[in-house]
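Residue numbers (the numbering used here): 858 to 901.
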């Protein structure tokens, strides 16, 4: 298994989460998306 990634979730008001994660599942208008370690950095 890959090493945990560093995950930072930022809203306009605050940093909601800043730590390690094995994976992340987010909700979008048209469904869900997942991010695994070594994924390209993304801003949505």
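Even glycine gets a Cβ: it sits at the ideal position worked out from N, Cα and C.
- As the crow flies, the alpha-carbon of residue 891 is around 17 angstroms from that of residue 867.
- Short of 6 angstroms from the beta carbon of residue 875, and not among the five residues preceding or following it, lie these beta carbons of its own chain, in chain order: 865.
- Look at residue 884 here: in three-state DSSP terms it is strand.
- Secondary structure note for residue 868: it is in no beta strand (DSSP E), with a DSSP letter that is neither H nor E.
- In the structure shown, residue 889 adopts extended strand secondary structure according to DSSP, grouped into three states.
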